[in-house]
Each structure stands twice: as structure tokens, then as C-alpha cells.
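Under the working numbering, the letters of the sequence shown match residues 1 to 238, in that order.
Let me begin by presenting the structure, written as C-alpha cells, before commenting on it.
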Amino acid sequence: MDAALAALPDPSGRYAIAVTDLTTGEQAGHGTGTYDTASIAKVDILAALLLKAQDDHRKLTASEKRLAEAMITRSDNASADTLWRSISGAAGLAAANKRLGLTDTDPGSGGHWGLTRTTAADQLRLLKAVFTADSPLSADSRAVLDDLMCRVVSEQRWGISAAVAGVADGSVALKNGWLPRTTTGRWDVNSIGRAQRDGHTYLVAVLSDGHATRGAGIETVERVADAAVDAAADTEAT
Numbered sequence: 001m002d003a004a005l006a007a008l009p010d011p012s013g014r015y016a017i018a019v020t021d022l023t024t025g026e027q028a029g030h031g032t033g034t035y036d037t038a039s040i041a042k043v044d045i046l047a048a049l050l051l052k053a054q055d056d057h058r059k060l061t062a063s064e065k066r067l068a069e070a071m072i073t074r075s076d077n078a079s080a081d082t083l084w085r086s087i088s089g090a091a092g093l094a095a096a097n098k099r100l101g102l103t104d105t106d107p108g109s110g111g112h113w114g115l116t117r118t119t120a121a122d123q124l125r126l127l128k129a130v131f132t133a134d135s136p137l138s139a140d141s142r143a144v145l146d147d148l149m150c151r152v153v154s155e156q157r158w159g160i161s162a163a164v165a166g167v168a169d170g171s172v173a174l175k176n177g178w179l180p181r182t183t184t185g186r187w188d189v190n191s192i193g194r195a196q197r198d199g200h201t202y203l204v205a206v207l208s209d210g211h212a213t214r215g216a217g218i219e220t221v222e223r224v225a226d227a228a229v230d231a232a233a234d235t236e237a238t
């Protein structure tokens with residue numbers, strides 16, 4: 001994977017990626033550091049909400065379901081604001097993350113959930129909690145997240161989806177995040193989720209920042225995701 005990523009054109013910013021193949025158990029990462037989550041935090045917020053509902057021995061209410069659907073499938077920020085408050089904000093997210101196995105994620109303060117700081121490795125831990133049975137999330141809770149991440153609207157289905165483009169049996173469940181930073185004038189662009197192709201299931205987290213434009217960030221994230229998963233598939237085929 002390192003060789004494949006080194007062969008790519010220089011990125012417009014910096015990035016980190018973590019990948020695991022659930023079919024073989026192999027895992028790899030490239031790049032270090034912490035990044036703003038932007039809207040990928042919405043997966044974490046929903047996971048925290050689902051844990052809260054489990055603790056109360058109930059399913060999500062009709063209102064919570066509507067807010068969760070809007071938050072994940074359309075990346076609606078107002079819905080995220082409401083659900084952020086319902087999980088008790090940063091304190092609630094931190095408590096949930098401890099249960100989910102995250103160790104390097106700092107929730108945003110003052111209601112700024114999009115400024116939560118995280119690492120690619122921690123986002124991979126979150127994805128394992130979402131998509132595998134080794135999780136404090138129940139099967140029903142994981143099914144909620146899986147369903148919504150599979151139904152993200154078409155205009156937001158970029159990012160790790162590049163890893164399954166043109167693959168006959170390819171499918172993806174994802175959540176992307178993008179955020180222009182007023183302090184730097186640069187963009188954060190992230191993509192996390194599950195990519196299935198060639199009989200293998202990959203969990204992929206790509207975080208990046210420092211891009212001059214959102215488009216440049218998307219291009220970087222897609223090149224990185226595609227190259228990394230291709231490298232993993234090539235290794236498994238040999």
C-alpha cells in the first residue's frame with residue numbers, strides 16, 4: 001500500500017488512511033496525525049444515540065429516525081445539531097466513544113461537532129463497531145447505521161466509492177465530510193465506510209486537510225482510497 005500511494009501525484013494537502021479487509025483480517029495504514037472530522041462525525045453521533053437507546057431498552061423514536069435519516073443520507077446539519085444535544089454533546093460522545101473502543105478522538109467543544117479531532121486508525125475502530133459483531137452496538141443498531149450509510153444521496157457518494165467504481169460486484173456504504181476552515185482558507189475532506197468488491201469486504205477511512213478547494217480534496221481522497229484498496233486486492237490475489 002505504501003508503494004501504491006507513493007506512486008500517486010502529490011496530494012493537494014495531507015492525508016492519512018486506514019484499511020482493513022474483514023475477509024482476511026489484514027490491516028494497513030498510511031499517514032499519521034489528527035484531523036477535523038467535519039460531517040463524518042455524524043456516524044459517531046448516531047452510534048452514540050443508538051447506544052443511548054439500547055441503554056434505555058428502546059428503539060429510536062419516530063422523530064429520532066427522521067433526524068438520523070436526514071443527518072446521514074443528506075448530511076443535514078440541523079438534524080446533527082439536534083441529535084448532538086440529545087446525546088449530551090461532547091461529554092456524551094466521549095462516553096460513547098470509550099465504549100466503542102475509540103482512543104484518539106476528541107469531541108468538538110461548544111456545539112462544534114464538526115471540529116471533533118480524530119485519527120484514521122480511530123475511524124477504523126468506529127467502522128468495526130458499526131459493521132462487525134464485535135461491538136457494543138446490537139445487531140439492530142448496526143443495521144440502522146448500515147441501512148442509512150447505504151442510502152446516502154447520489155451527489156454525496158464520492159470518496160471511498162472510487163475503490164469500487166467499475167467493479168461488477170462492487171458496493172459501498174459510506175459517509176463523507178467536508179469543511180472549509182476560516183482560519184486557513186483550506187478544506188478538510190474525509191470519507192469513511194465499507195467497500196465490497198471481488199468477494200472481499202474492506203473498511204476504509206481516509207482523512208485529509210489543507211486543500212485549496214473541495215474538489216481537490218475529493219480528488220485526493222478518491223485516488224488514495226482507490227490505490228489503497230487496489231493494493232490490498234492485488235496482494236490477496238498473489
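All C-beta atoms in this analysis are idealised placements derived from N, C-alpha and C, irrespective of residue type, glycine included.
Terminal residues of the alpha helix (DSSP H) in which residue 195 lies: Position 195 of the sequence shown, counting from 1, holds the residue named residue 195. Per DSSP, residue 195 belongs to no alpha helix (DSSP H); it is in the beta strand (DSSP E), 187-197.
In angstroms with no decimal places, state the Cα-to-Cα distance between residue 169 and residue 110. Locating residue 169 in the sequence shown gives position 169, counting from the first residue. Locating residue 110 in the sequence shown gives position 110, counting from the first residue. So the alpha carbons of these two residues sit roughly 43 Å apart.
Simplified DSSP assignment, three categories, for residue 214: Residue mapping note: residue 214 aligns to position 214 of the sequence shown, counting from 1. In this structure, DSSP gives residue 214 a helical state, which the three-state scheme calls helix.
Can you tell which of 54, 26 and 112 has the C-alpha that lies nearest to the C-alpha of residue 139? As a first step, residue 139 must be located in the sequence shown, where it is residue number 139. Checking every option, the nearest Cα to that of residue 139 belongs to 54.
What residue range is occupied by the uninterrupted beta strand (DSSP E) comprising residue 171? Looking up residue 171 in the sequence shown gives position 171. 171-180 is the extent of the beta strand (DSSP E) around residue 171.
Quick one: what's got a C-beta closer than 8 Å to residue 27's C-beta in the same chain, skipping five residues either side? One-based indexing of the sequence shown puts residue 27 at position 27. Contacts found: 18, 19, 20, 21 and 124.
Applying the criterion that 16 or more other CB atoms from any shown protein chain within 10 Å of the CB defines a buried residue, is residue 9 buried or exposed? If you number the sequence shown from 1, residue 9 lands on position 9. Exposed: under 16 other Cβ atoms inside 10 Å.
Is residue 216 closer than 8 Å to residue 75 when the C-beta atoms are compared? Residue numbering aside, residue 75 sits at position 75 when the sequence shown is read from its first letter. Residue numbering aside, residue 216 sits at position 216 when the sequence shown is read from its first letter. The answer is no: Cβ separation not under 8 Å.
Spatial neighbours of residue 60 in its chain, beta-carbon cut-off 8 Å, leaving aside the 5 residues before and after: Indexing the sequence shown from 1 puts residue 60 at position 60. Cβ neighbours of residue 60 beyond the five flanking positions: 49, 50, 53, 68 and 144.
Please report the residue range of the beta strand (DSSP E) in which residue 82 lies. The count along the sequence shown starts at 1 and reaches residue 82 at position 82. Here residue 82 belongs to no beta strand (DSSP E); instead the alpha helix (DSSP H) covers 77-86.
Out of curiosity, what's the CA-to-CA distance linking residue 88 and residue 95? By one-based count along the sequence shown, residue 88 stands at place 88. By one-based count along the sequence shown, residue 95 stands at place 95. Approximately 10 Å, taken between the alpha carbons.
Rounded separation between residue 62 and residue 72 - CA only: One-based indexing of the sequence shown puts residue 62 at position 62. One-based indexing of the sequence shown puts residue 72 at position 72. So the two alpha carbons sit approximately 16 Å from each other.
Pair within 8 Å by beta-carbon distance, residue 129 and residue 47: In the sequence shown, the residue the question calls residue 129 occupies position 129. In the sequence shown, the residue the question calls residue 47 occupies position 47. A distance below 8 Å separates the beta carbons of residue 129 and residue 47.
From this set, 196, 107, 70 and 189, which residue's C-alpha is nearest residue 131's C-alpha? As a position in the sequence shown, residue 131 is number 131, starting the count at 1. Closest by alpha carbon: 196.
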